[in-house]
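Below: one structure, written as structure tokens.
Number of protein chains: 2
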Amino acid sequence: MDKEKIKCTISYDGSGFSGFQIQPRKRTVHGELERALKKMHKGEPIRIQASGRTDTGVHAVEQVIHFTSPFQLPEGNWKKALNTLLPNDLYIHRVEKVAMSFHARYDALAKEYRYFVLNKKEVDVFQQNYVYQFPYTLDIERIQKACSHFEGTHDFTTFSSAKSTIKGKKIRTLHKVQCIEEGEHIVFIFHGDGFLYHMVRIITGVLLDIGQGRLDPDVIPLLFEKRDRQKVGATIPSQGLYLWKVLYP
Amino acid sequence: MDKEKIKCTISYDGSGFSGFQIQPRKRTVHGELERALKKMHKGEPIRIQASGRTDTGVHAVEQVIHFTSPFQLPEGNWKKALNTLLPNDLYIHRVEKVAMSFHARYDALAKEYRYFVLNKKEVDVFQQNYVYQFPYTLDIERIQKACSHFEGTHDFTTFSSAKSTIKGKKIRTLHKVQCIEEGEHIVFIFHGDGFLYHMVRIITGVLLDIGQGRLDPDVIPLLFEKRDRQKVGATIPSQGLYLWKVLYP
Chain A
0 MDKEKIKCTI SYDGSGFSGF QIQPRKRTVH GELERALKKM HKGEPIRIQA
50 SGRTDTGVHA VEQVIHFTSP FQLPEGNWKK ALNTLLPNDL YIHRVEKVAM
100 SFHARYDALA KEYRYFVLNK KEVDVFQQNY VYQFPYTLDI ERIQKACSHF
150 EGTHDFTTFS SAKSTIKGKK IRTLHKVQCI EEGEHIVFIF HGDGFLYHMV
200 RIITGVLLDI GQGRLDPDVI PLLFEKRDRQ KVGATIPSQG LYLWKVLYP
Chain B
0 MDKEKIKCTI SYDGSGFSGF QIQPRKRTVH GELERALKKM HKGEPIRIQA
50 SGRTDTGVHA VEQVIHFTSP FQLPEGNWKK ALNTLLPNDL YIHRVEKVAM
100 SFHARYDALA KEYRYFVLNK KEVDVFQQNY VYQFPYTLDI ERIQKACSHF
150 EGTHDFTTFS SAKSTIKGKK IRTLHKVQCI EEGEHIVFIF HGDGFLYHMV
200 RIITGVLLDI GQGRLDPDVI PLLFEKRDRQ KVGATIPSQG LYLWKVLYP
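Residue numbers (numbering that gives the first Met the number 0), protein chains in the order written: chain A, 0 to 248; chain B, 0 to 248.
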């Protein structure tokens, strides 16, 4: 029987998951997806592949996964059947049948991450899992000036976790780094060809330091040269981070 | 030593609480508040009184509580100390020293509740705990027409839980019942002198039936007369409901 390759665009609220990657006795996005697929395939295990992982507490507006199945179903039926089996904090927005050569991870051209800061003095209990609540005054123009220093191709060793087990150079290209004010929210947009472990959370933390006047925007080129994670501040919380979009050819 | 009476305006995300009222081995708003106060008073139990209870999953934007304390602290210090001891999903916005005669429940003149419906076909995973996601088409003008039938003084037996243990008549006055469209959200506003058990969730459910064309707005006066909970539909979910404001003289 011919198999079909299925691409799904999914979103999840990261608050209730121990991240994406499957782990024994932990509730993960990967685990919930394979549990639903196994049920649908009457006990037959179906392996999924994602565009990449997300950490505990990190959200996804448009994450992409793929799997192959012996089933021949219209796309709408896939969507309906899977969403019925999935929990409320994980939802499949789009199902597409794709070429057997498609791979959610290897075919991804670029990704967009967004980081949301709620910049106000009073705590908003309803946003605790969805933004980083930052009560101090920020100079947005100063942050915007600093953003451009991160655009382009750089060695991001200073701005990624030292614990990363990645092999090879930590060189990545950011096509766009933006900071936008939306009412009480400050949104940081990162569009790039690849992201290192904790990279968005570390860079956003540095941009907040700059916005507070604790760091000069023009020191960034020097920080790139240092290639030392210790030269910049702590990794800011995961709950403000969203995998926003994955781009394919 | 003179005691002082403290009034607090608090907000909480109801998602993580088994309602307001204290219960053994359950995480409740009342329980968390008294735990923080006990800690602050070095083990001495401090009893709180609220304007009223809220059910499991119901949120509060401005709930009001009071307590008495032997401490003499500026209002700002109370706020800071208590918020430090409280969990992230419970926050004290305002602390006021009030007359010893003040009572959060008996002095309340009126309350406002709001119910939030997200009216779109696609599920939004980020709003699952904060709105009632309702995918069907609604005729908002029809709902707005029906709202006025609920305003005024009525016997709300049909529109409140039959399980209620309340004694006496179920007569209440609603000063304002409104339905407003805010983008993809439909907001129901109820302002009244008192609310019966499940009253807002039952009335909003009836208004959604009317908006779907399943019920005629002009049948409401007849439903009031029946005084029978069985004549109307199910109680809709708690996660869309917010205690919005409590009014005092």
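A virtual CB, placed ideally from N, CA and C, is assigned to each residue, including glycine.
- When C-beta distances to chain A are compared with 8 Å, every residue of the segment 161-181 of chain B stays at or above that value.
- Within the segment 87-119 of chain B, the residues whose Cβ lies closer than 7 Å to any Cβ of chain A are, in chain order, ASN87, ASP88, LEU89, TYR90 and HIS92.
- Excluding the 5 residues flanking it on each side, GLY75 of chain B has same chain C-beta neighbours closer than 8 Å at VAL94, in chain order.
- Annotation: the continuous beta strand (DSSP E) that includes VAL245 of chain A extends over 240-246.
- When DSSP assignments are scanned along the segment 10-65 of chain A, the uninterrupted stretches of alpha helix (DSSP H) that are 4 or more residues long and fall wholly within it turn out to be 28-39.
- The three-state reading of DSSP puts ARG228 of chain A in helix, counting H, G and I together.
- Here DSSP, grouped into helix, strand and coil, assigns GLY75 of chain A to helix.
- At least one C-beta of chain A is nearer than 9 Å to the C-beta of ASN82 of chain B.
- Taking 9 Å as the cut-off, the Cβ atoms of ALA49 of chain B and HIS29 of chain B count as close.
- If you ignore the 5 residues before and after LYS119 of chain A, its C-beta comes within less than 8 Å of the C-beta of GLN132, PRO134 and GLU183, all in its own chain and listed in chain order.
- Around the beta-carbon of THR83 of chain B, fewer than 16 other beta-carbon atoms lie within 10 Å, marking it exposed.
- Only exposed fits MET99 of chain A, as fewer than 16 other CB atoms lie within 10 angstroms of its CB.
- One alpha carbon belongs to ILE201 of chain B, the other to GLN177 of chain B, and they sit about 15 Å apart.
- Cβ neighbours of VAL205 of chain B within its own chain (closer than 6 Å, five residues either side excluded): VAL231.
- Proximity of chain B to TYR11 of chain A at the Cβ level (cut-off 8 Å) is accounted for by VAL124, in chain order.
- No Cβ of chain A is located within less than 9 Å of the beta carbon of GLU61 of chain B.
- With contacts defined by Cβ atoms closer than 9 Å, LYS169 of chain B and ASP154 of chain B form a contacting pair.
- Using a CB distance cut-off of 9 Å, GLU121 of chain A counts as an interface residue toward chain B.
- DSSP assignment within the segment 76-149 of chain B yields the following whole alpha helix (DSSP H) runs of 4 residues or more, N-terminal first: 139-149.
- The beta carbon of LYS144 of chain A is closer than 7 Å to those of PRO216 in its chain, skipping five residues each way along the sequence.
- Taking the beta carbon of TYR129 of chain B as reference, the chain A residues within 9 Å of it are PHE125, listed in sequence order.
- With contacts defined as CB atoms closer than 9 Å, LEU195 of chain B and SER160 of chain B qualify as a contacting pair.
- Not a single C-beta of chain B is nearer than 9 Å to the C-beta of HIS184 of chain A.
- Looking at B:VAL97, B:PHE16 and B:GLN238, the one whose alpha-carbon comes closest to that of ILE5 of chain B is B:VAL97.
- LEU117 of chain B and GLU180 of chain B have their C-alpha atoms spaced approximately 10 Å apart.
- At a cut-off of 9 Å, the C-beta of HIS197 of chain B has no neighbouring C-beta in chain A.
- When Cβ-Cβ separations below 9 Å define contact, HIS58 of chain A makes contact with chain B.
- Spanning the alpha carbons of VAL130 of chain B and TYR11 of chain B requires a straight line of approximately 15 Å.
- In the DSSP assignment, HIS184 of chain A is bridged to A:LEU117 and A:GLU181.
- Cβ-Cβ distances below 7 Å link VAL122 of chain A to GLN132 in the same chain, with the five nearest sequence neighbours on each side left out; the list follows chain order.
- ALA109 of chain B and LEU240 of chain B do not touch by the CB rule: their CB atoms are close to 17 Å apart, not below 8 Å.
- The segment 183-221 of chain A contains, as complete beta strand (DSSP E) runs of 3+ residues, the segments 184-191 (chain order).
- By the neighbour-count definition (other C-beta atoms within 10 Å, threshold 16), GLU140 of chain A is an exposed residue.
- Only buried fits ASP88 of chain A, as 16 or more other CB atoms lie within 10 angstroms of its CB.
- For THR152 of chain B, the enclosing beta strand (DSSP E) has its first and last residue at 151-154.
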